[in-house]
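What follows is a set of notes on a single structure, which appears directly below.
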Amino acid sequence: MRNAILMALGLLLLIGGGVGAYYFNSIRSTANKTFNDSGVKKSRDVAQVLKDGKPFSVLLLGTDTGELGRDYKGRTDSLMLVTVNPNQKKVTIMSLPRDNLTAIPGYTSTFPQKLNAAYEYGSAATTIKTVQQWLNVPIDFYALVNMHALEQVVDQVGGVSVKSPLTFNYNPDTAHSDGDNYYVFTKGSTHWTHTVNGKKTQSSDIMDGSAALAFSRMRYGDPQGDYGRQQRQRLVLEGIVHAAKANPTKLVNQKFLDLVSKSAQTDLTFNDMLTIVSNYMSASQKLESDHAQGDSLMIGGVSYEHVNLKEMQRVTNRLRSSLGLKKAETGNPYGGKISSAALAPYGITVGGSDDESSSTSLYGENTNITNTTGLTDTTTNN
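For any residue, its number in our numbering is found by taking its place in the sequence shown, counting from 1, and adding 675.
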């Protein structure tokens, strides 16, 4: 679960304000080290949004690399759009399919791409712009987090209690259920075991970091594929949230702060974080999760996910509602605008192309979708 670190740091700010004051200078130093401007102009005045205590959004991007460098250009293995609403007293986590068929703004000549490739082409700015144009939802902040820190975060909070939605075995060495090193999780139960060379080495109802990592990584044995993995990632995140809320002091130490500084990047400033402490403590009371559901699609022998217009609109409606914004039409079907001529070689025809021609589309209906996001291309080259 790549996004656990930043959410844990956010919890420290939201629910541990008094304790956090003791570590004020250390937290400020950590925040300064993690700051990395996206290079994209905000679609609204985020400083005023925070000052007024209005709902805001954070695009969480997870990667599976080692320690993050400021010039990291790999793909993002997971994407979640999180909204924080103090009036509704809730945080909403919307998982986005990393394999979604995408035309990356500024790089549409490379179509077809997957959503997780946007960061590889243009870092945070391109990913932000892609998601904004795809769903017509403002992204106020972003955070890039390294997955390898998950184990340490879970161990830091004393483990997590998570009820498995299915029964499965997982071998972290092979990413399948084979071999002599595997974890066993049981549907409807928090209990798990770890067996090595035929000997059961661990058995518990509380997941430690290694078990949580195994639980959240399994993909091939889940009937829902990556959507099932997204669900389990959210369950681990919720487990971390509950554990941290129960005892926030477990996160207030230099070891955790050092972990954050090495494993996260964000355009949230330290002052932004202080404002969040002042105005958003009530938002941590309720945590809701959702995901954008797509269908499998093969193009040139490569598997993609495809989220249809109806589902796009549902996701847009929920996110905009959670941000206290008026209803609006969802965005471009592929993120960036792409011509019918560019789509034709792949047997794809869909409205929303540059020539705005109406045609029978992948959505099974006649569509003529144009860019309704109202968001302009303000990306700075990275």
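The beta carbon of each residue, even a glycine, is placed where N, CA and C say it ideally should be.
G863 and K920 have their alpha carbons spaced roughly 24 Å apart. Within the same chain, Cβ atoms closer than 7 Å to the Cβ of H966 are found at M769, S770, Y902, Q905, the five residues on either side in sequence being excluded.
Apart from sequence neighbours up to five positions away, the residues of its chain that approach V724 with a beta-carbon distance below 7 Å are F731, D815, ordered along the chain.
When DSSP states are grouped into helix, strand and coil, Y895 belongs to the coil group. With a 10 Å radius around the Cβ and a threshold of 16 neighbouring Cβ atoms, Q788 comes out buried.
In the displayed model, F843 falls within a strand according to three-state DSSP.
In this structure the region 860-875 does not lie against the region 819-830, because fewer than three pairs of beta carbons, one per stretch, are closer than 8 Å. For S836, same chain residues with a beta-carbon under 7 Å away, outside a window of 5 residues either side, are T865, D880, I881, G914 in chain order.
R894 is the residue among R894, Y817, A939 whose C-alpha sits nearest the C-alpha of Y845.
Comparing alpha-carbon positions, the option among D853, L841, L736, F843 lying closest to E795 turns out to be L736.
In the DSSP assignment, Y979 falls within the beta strand (DSSP E) that extends over 977-981. Note: A939 is bridge-paired with V820 in the DSSP secondary-structure output. Separation of the CB atoms of I974 and Y1021 is rounded to 5 Å, and the pair is thereby assigned contact status at 8 Å.
In the structure shown, the three-state DSSP call for Y1009 is coil. Assigned with DSSP and collapsed to three states, K925 falls in helix. By the criterion of at least three beta-carbon pairs nearer than 8 Å, the region 753-763 is in contact with the region 947-958.
For S732, the enclosing beta strand (DSSP E) has its first and last residue at 731-738. Per DSSP, reduced to three states, the secondary structure at A778 is strand.
The three-state secondary structure of H917, taken from DSSP, is helix.
Leaving aside the five residues that flank A889 on each side, the residues in its chain whose CB is nearer than 6 Å to its CB run, in chain order, Y845, P847, Y858. The alpha carbon of T849 has as its nearest neighbour, out of R892, S839, A818, G834, the alpha carbon of R892. K765 is the residue among G728, K765, D752, I779 whose C-alpha sits nearest the C-alpha of L994. Under the 10 Å beta carbon count, S978 is surrounded by fewer than 16 other beta carbons and is classified as exposed.
Assignment of beta-bridge partners to S753 by DSSP yields G737.
With fewer than 16 other beta carbons inside 10 angstroms of its own, E1004 counts as exposed.
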